[in-house]
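K.L.:
The numbering of the sequence shown is the working numbering, which starts it at 55 and goes up by one.
Heads up, the beta-carbon is just placed ideally off N, CA and C, and yes, glycines get one too.
The structure under discussion is supplied below as structure tokens; questions concerning it will follow.
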Amino acid sequence: MRTILITSGTKGGTGKTTIAINIAVVLAYELRNKTQYPVVLLDLGIDSGTATMLLLGDVETRLPYTLTDYLMGRIPDPLSTLYVKTWQVGDETFKLVFTASLGQYPSQVRIDRYLLRGLINAVSAVSPLYVIMDSPALGLSYDTLTTLLEASDNVILVSIPDHSSLRAVGNVANLMQEMKVSNKLLRPILNMLNIKYPMDALSNLPWTRLVKDMVGVEPHVIPYDELFPIVRQALEIESLKLSFYESPALDAIFKYIDYLMETAPP
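Pasting the structure below:
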């Protein structure tokens, strides 16, 4: 079981959740014949619960237990926060296990390292090949980020062409150096790059160069794609609605998944 953290540091609006959920869904499909529940998505975005809403397909859904209940000590068993989403593709089905987070009381919730470890240990009972952790953005403290980095086998940093975003991922990369866990870092993602404007107007340098200078690794580019927000508005998951032939962003995500499975196998 390989646990992968996807984070943008303290910067919101980078498309981190879009990347996390599409990676989780595509991996679940690709590995559907390997085990019953090949992927678990830990939606730690308790400040929004966006991934959960997309998987449920309904903003009004009420669930008996969410990750908030576990992190606030209302329930002792983290398995109570796990749900299963099943899709039918032709004659085959594939499943994704996910924790539910619906943005309840985010200011009161703290991701405790012992509770997170208990959650990951509980998840191992369903024998997934990958555990994808979508980190929170708002209110991501030093202690929380340290806890997430400690609990991960690998880390994917997601940035956008924006200087505050670069600083945020740079801070995570620096923290990983301080913790001596830089070996966990996978190729970062430069998301939503308008390929017509690959250069930063202030420095006159390519955005890819700026990410590499900040993080130390050449980024994988996912271009801006107007189809993504259109699909998202309908509470749909992009990789289930679009073809990589029509979506350059989805094509780039598929290529990153190929890299991920080769570089960080379960």
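Could you confirm whether any beta carbon from chain B is found closer than 9 Å to the beta carbon of Thr71?
P.N.:
This model lacks chain B altogether, as it is built from one protein chain only.
K.L.:
Would a C-beta distance cut-off of 9 Å place Tyr278 and Asn258 closer than the cut-off?
P.N.:
By 1-based counting over the sequence shown, the position of residue 278 is 224. By 1-based counting over the sequence shown, the position of residue 258 is 204. No. Outside cutoff.
K.L.:
Quick one: what does DSSP say Val93 is sitting in, helix, strand or coil?
P.N.:
Residue numbering aside, residue 93 sits at position 39 when the sequence shown is read from its first letter. Here Val93 sits in strand by DSSP.
K.L.:
Determine the DSSP secondary structure at Val185, reduced to helix, strand or coil.
P.N.:
The residue you call residue 185 lines up with position 131 of the sequence shown. In the structure shown, Val185 sits in a strand (DSSP, three-state: E or B).
K.L.:
If we ignore side chains and look at the alpha-carbon of each, how far apart do Lys149 and Thr61 end up?
P.N.:
The residue you call residue 149 lines up with position 95 of the sequence shown. The residue you call residue 61 lines up with position 7 of the sequence shown. C-alpha separation (whole angstroms): 24 Å.
K.L.:
List the DSSP bridge partners of Tyr137.
P.N.:
One-based indexing of the sequence shown puts residue 137 at position 83. Partner(s): Phe152.
K.L.:
Spell out the partners DSSP gives Ser213 in its beta bridges.
P.N.:
Translated into positions along the sequence shown, residue 213 becomes position 159. Per DSSP, Leu244.
K.L.:
Which of the three DSSP states is assigned to Lys292 in this structure?
P.N.:
If you number the sequence shown from 1, residue 292 lands on position 238. Just to set this straight, residue 292 is Glu in the shown sequence, not Lys. Note: Glu292 maps to helix in three-state DSSP.
K.L.:
Which same chain residues, not among the five before or five after Ala306, have their C-beta less than 8 Å away from its C-beta?
P.N.:
As a working note, residue 306 is residue 252 in the sequence shown. Answer for Ala306: His274, Val275, Ile276, Pro277, listed in chain order.
K.L.:
Apart from the five residues just before and just after Ser189, which ones in its own chain have a Cβ nearer than 7 Å to its Cβ?
P.N.:
Counting from 1 along the sequence shown, the entry for residue 189 is found at position 135. Here the set comprises Leu59, Ile60, Thr61, Leu98, Leu202.
K.L.:
In chain order, what residues of the same chain have a beta carbon less than 6 Å from the beta carbon of Ser134, not counting five sequence neighbours either side?
P.N.:
As a working mapping, residue 134 is identified with position 80 in the sequence shown. Once the five neighbours on either side are set aside, the close Cβ partners of Ser134 are Tyr119.
K.L.:
Per DSSP, what kind of secondary structure is Arg116 in: helix, strand or coil?
P.N.:
As a working note, residue 116 is residue 62 in the sequence shown. Arg116: coil per DSSP, three-state reduction.
K.L.:
Specify, as a first and last residue, the run of the alpha helix (DSSP H) that Thr122 falls within.
P.N.:
As a first step, residue 122 is located in the sequence shown; it is residue number 68 there, counting from the start. Taken as a continuous stretch (DSSP letters only), the alpha helix (DSSP H) holding Thr122 covers 121-125.
K.L.:
If Met187 sits next to Leu96, beta carbons under 8 Å apart, how far is it from one beta carbon to the other, in whole angstroms?
P.N.:
The residue you call residue 187 lines up with position 133 of the sequence shown. The residue you call residue 96 lines up with position 42 of the sequence shown. Yes, they are in contact, since the Cβ atoms of Met187 and Leu96 sit about 5 Å apart, within 8 Å.
K.L.:
Check the DSSP bridge columns for Glu146 and list the partner residues they point to.
P.N.:
Position 92 of the sequence shown, counted from the start, is the residue given in the question as residue 146. According to DSSP, which records beta bridges pairwise, Glu146 is partnered with Val143.
K.L.:
Should Thr71 and Ile100 be called a contact, given that it needs their Cβ atoms to be closer than 9 Å?
P.N.:
Residue 71 sits at position 17 when you count from the first residue of the sequence shown. Residue 100 sits at position 46 when you count from the first residue of the sequence shown. In this structure, Ile100 does not lie closer than 9 Å to Thr71 by Cβ.
K.L.:
Give a yes or no on contact between the region 195-209 and the region 221-239, applying the rule of three or more CB pairs nearer than 8 Å.
P.N.:
They touch, by the three-pair rule.
K.L.:
Name, in chain order, the residues that DSSP records as bridge partners for Met253.
P.N.:
Taking the first residue of the sequence shown as 1, we reach residue 253 at position 199. Pro260, per the DSSP bridge assignment.
K.L.:
On the three-state DSSP scale, how would you describe Pro130?
P.N.:
Position 76 of the sequence shown holds residue 130. Pro130 falls in the coil class under three-state DSSP.
K.L.:
Of the residues Thr147, Pro132, Ala179, Thr140, which one's Cα is nearest the Cα of Leu169?
P.N.:
Working through the sequence shown from its first residue, we reach residue 169 at position 115. Of the listed residues, the one whose Cα sits closest to Leu169 is Pro132.
K.L.:
Taking 7 Å as the limit between beta carbons, can you name the residues of its chain near Pro302, skipping five residues before and five after?
P.N.:
Residue mapping note: residue 302 aligns to position 248 of the sequence shown, counting from 1. Within the same chain, Pro302 has close Cβ partners Pro277, Asp279.
K.L.:
Tell me Asp61's beta-bridge partners as DSSP assigns them.
P.N.:
For the purposes of this step, residue 61 is taken as residue 7 along the sequence shown, with counting starting at 1. In the sequence under discussion, the amino acid at residue 61 is Thr, which differs from the Asp named in the question. Bridge partners of Thr61: Leu211.
K.L.:
Between the region 278-297 and the region 73-80, are three or more C-beta pairs nearer than 8 Å?
P.N.:
Touching, yes, given that three or more Cβ pairs across the two stretches are closer than 8 Å.
K.L.:
To the nearest whole angstrom, what separates the beta carbons of Tyr91 and Val185, a pair I think is in contact under 8 Å?
P.N.:
By 1-based counting over the sequence shown, the position of residue 91 is 37. By 1-based counting over the sequence shown, the position of residue 185 is 131. Rounded, the Cβ-Cβ distance is 11 Å, inconsistent with contact.
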